[in-house]
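Protein chains in written order, with my numbering: chain A, 3 to 444; chain B, 78 to 417.
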């Protein structure tokens, strides 16, 4: 079998997936009396608008914030209980975000609006899109782009390819792997729902070949389905990046600044597809997600199904806690995840993992002079020159940074990873890229 | 949990490779050539190597001390500069040049480290290869000692040193070819390196082994050395078939004589003074190879590797600027124009 992959750049960091890849998903529920926090921004776009007020009793699955803007996604309560407050709280990235705070009454009383749908094929295209929107589904791979918008691109962009992103190229992460092993049939069902929205489109499930059991499992499920095929990818980071994945599967290059729909593609993460299936077959909104707990500082690494809104510290306490000498906790993978400064924050829709690193693994070597070895140039999957962009950023030249296409950076961190001089290439480029983009918007 | 958490921007992991591990690999790759140099040229070669490495390290420490900078010798780059300089100068005879045998490496590394490297900002900032700059300085200052007819032949390996070696004992194969002789056509001798030359350049097999090690360890890319060597091969034959006078007695064995292997694998690939872009690396290899052939055939010197690399070093900033790779999702390469 010939394996597909993207052409330029890429790195092979140690995978560290063996720690958790054989651990079945365990369900962790918030305890009675636990405080659940739902930030109004858990997606790309505008904040959602609260539709409950302090003192209200809410049920599990009830919509507590509505999407009133175009680029927005509603939010649901993942427990039953009482709204304690609506106030700004600390979010994962250090910003304060308005959040709805609910005290869990431990009953998990279900909202009557959650009704099973006997046959989704009878639903119209609009009904399916409304269901996905109303379920509050966003890209669960980490970006959090509202899925109903992604699935409904401009009519001028004819979609002929829908890819399920199961590359899971970040080290440590094994949630997609476990979801595929445990819910293969439902993932394929979710893909069928997406394909029904785009007549004539073909579905691909793209999996890196470090997950042979998942490839085998899905291939057997898809055996007799004409318009769905499983693609084995050669393991390489950052294959899960949308642009790289589209190139690997279809050989199409998404033009700079354009969305995948411009080359006829839609890419969705495995867990997102499962959420679509749940919304359109079970009638349940997005209330839970799968996270990997891993790293050398975790006492009980594994894959856990958690409730969105659950406090990270409460989760850690329930699953055995962390070691004494943990000095860095990362929400997400080690390449693109965010280091958090406190565990007293909630899980949101896009939290894919909690990595606990001990001092030894977390300490990075000090920066030294660039030796111009060019390793960053060969590692960059976007064909950029990180050493030049780093200089542009440090010298503060927006114009040069832009000329050298710095805004095309996908923030994968490959350049920093390979740099023998431990230069903070990705770090400066990502920070400066934000500034340049902001100045362009003005 | 009482201790505070570390917060930093992603990525949170790094490869194990460091500047010193990269440089250590280069030193390891140079070991075979150094050993063969000592075997062929004897004790004085060993003395030259040791003095050169020590003085290079001391010069760098000295500069850092004066400039009040953190000492950078731990990155091993000074060791490489010292070693490469030693491999690029001939072993002198103790009896004839008791002072020069110490003075040459000390002065050469002084120029290499202080003038060519540290004054421009140290490792990564030097625009020419420091070891070659040091060699060029020595060639200009002491031409009779560094080039010409003072190469000391060793009798260490009497089995290999055949009659032909004795007749050529005071000249390099390339200078013989320059003089019109057909000597030098012996492939085995070029590969094994029991001929005249600088300490490290003669044993082509040892240098190729070191080069393969560096390519295997991904310290260097194959692009510069392979294009360099192939260009020399192709143009030597082009000039030969064109009937150019100086090229008629040349053939492929010339690849294994002179400084070509040392230059192609270890000097032209110096990080700071070679292009970082893939296309730029082909241009670098081609330019070095072409100028080498021009000097060898048309120039006044019998050998042109070191000057060809120095000349190409000067073009590297321009090459890099002209050969920006195409960004994914863009039609044309990124514009590298300077902004006023």
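The beta-carbon is built from N, C-alpha and C at its ideal position, and this holds for glycine as well.
Residue 169 (chain A) counts as buried, since no fewer than 16 other beta carbons sit within 10 angstroms of its beta carbon. Taking a contact as a CB-CB distance under 8 Å, the pair residue 129 (chain B) and residue 221 (chain B) does not count as one, their CB atoms being some 20 Å apart. Each residue's CA atom was taken as its position, placing residue 232 (chain A) and residue 206 (chain A) some 6 Å apart. Comparing alpha-carbon positions, the option among B:180, B:190, B:171 and B:106 lying closest to residue 291 (chain B) turns out to be B:106. Residues of chain B whose Cβ lies closer than 7 Å to the Cβ of residue 429 (chain A) are, in chain order, 86. For residue 362 (chain A), the three-state secondary structure derived from DSSP is helix. Pairing residue 260 (chain A) with residue 250 (chain A), the inter-Cα distance amounts to about 18 Å. Residue contact with chain A for residue 201 (chain B): present (Cβ-Cβ distance below 9 Å to some residue of chain A). Looking at the backbone, the Cα of residue 147 (chain B) and that of residue 352 (chain B) are separated by about 27 Å. Less than 9 Å separates the beta-carbon of residue 235 (chain A) from that of residue 247 (chain A). The stretch 124–139 of chain A and the stretch 271–281 of chain A touch, with no fewer than 3 CB-CB distances between them shorter than 8 Å. At a cut-off of 9 Å between beta-carbon atoms, residue 137 (chain B) makes no contact with chain A. Excluding five sequence positions before and after residue 406 (chain A), the CB atoms of its chain that fall closer than 8 Å to its own CB belong to 386, 387, 390, 391 and 394, given in chain order. Residue 138 (chain B) and residue 150 (chain B) have their C-alpha atoms spaced approximately 7 Å apart.
Residue 223 (chain A) and residue 187 (chain A) have their C-alpha atoms roughly 6 Å apart. Annotated as proximal: residue 381 (chain B) and residue 371 (chain B), with beta-carbon spacing under 9 Å.
By the criterion of a C-beta distance shorter than 7 Å, residue 252 (chain A) is surrounded in its chain by 163 and 267, once the five residues flanking it on both sides are discounted. Going by DSSP, residue 267 (chain A) is part of no alpha helix (DSSP H) but of the beta strand (DSSP E) stretching over 267–271.
Using a C-beta cut-off of 8 Å, the stretch 319–334 of chain A makes no contact with the stretch 63–82 of chain A, since fewer than three inter-stretch Cβ pairs fall below that distance.
CA-to-CA, the gap between residue 32 (chain A) and residue 294 (chain A) works out to about 17 Å. Of the residues A:288, A:444 and A:350, the one whose Cα lies closest to the Cα of residue 116 (chain A) is A:288. Restricted to the stretch 305–378 of chain A, the alpha helix (DSSP H) segments that are unbroken, complete and at least 4 residues in length are 314–320 and 361–364, listed in chain order. Less than 9 Å divides the Cβ of residue 55 (chain A) from the Cβ of residue 88 (chain A). The beta carbon of residue 101 (chain B) sits no closer than 9 Å to any beta carbon of chain A.
DSSP, reduced to helix, strand and coil, places residue 38 (chain A) within a strand of the structure shown. At the C-beta level, residue 150 (chain A) and residue 175 (chain A) stay beyond 9 Å of one another.
Annotation: residue 381 (chain A) to residue 239 (chain A) spans about 10 Å, alpha carbon to alpha carbon.
Residue environment for residue 369 (chain A): exposed (fewer than 16 other C-beta atoms within 10 angstroms of its C-beta).
Among the residues of chain A, those whose CB is under 9 Å from the CB of residue 95 (chain B) are 367, 370, 422, 423 and 424, following chain order. In this structure, DSSP gives residue 426 (chain A) a state outside helix and strand, which the three-state scheme calls coil.
A distance below 7 Å between beta-carbons, with the five flanking residues on each side excluded, links residue 266 (chain B) to the following residues of its chain, in chain order: 272. Residue 53 (chain A) sits in coil when the DSSP states are folded into three classes, being neither helix nor strand. Around the beta carbon of residue 250 (chain B), a 10 Å sphere encloses 16 or more other beta carbons of the protein chains shown; the residue is thus reported as buried. Residues are counted here when their Cβ sits less than 7 Å from a Cβ of chain A; for the stretch 326–351 of chain B these are 348 and 349, given in chain order. Selection B:254, B:179 and B:365 evaluated against residue 301 (chain B) yields B:365 as nearest (Cα-Cα).
DSSP places residue 185 (chain B) inside the alpha helix (DSSP H), whose first and last residues are 177–187.
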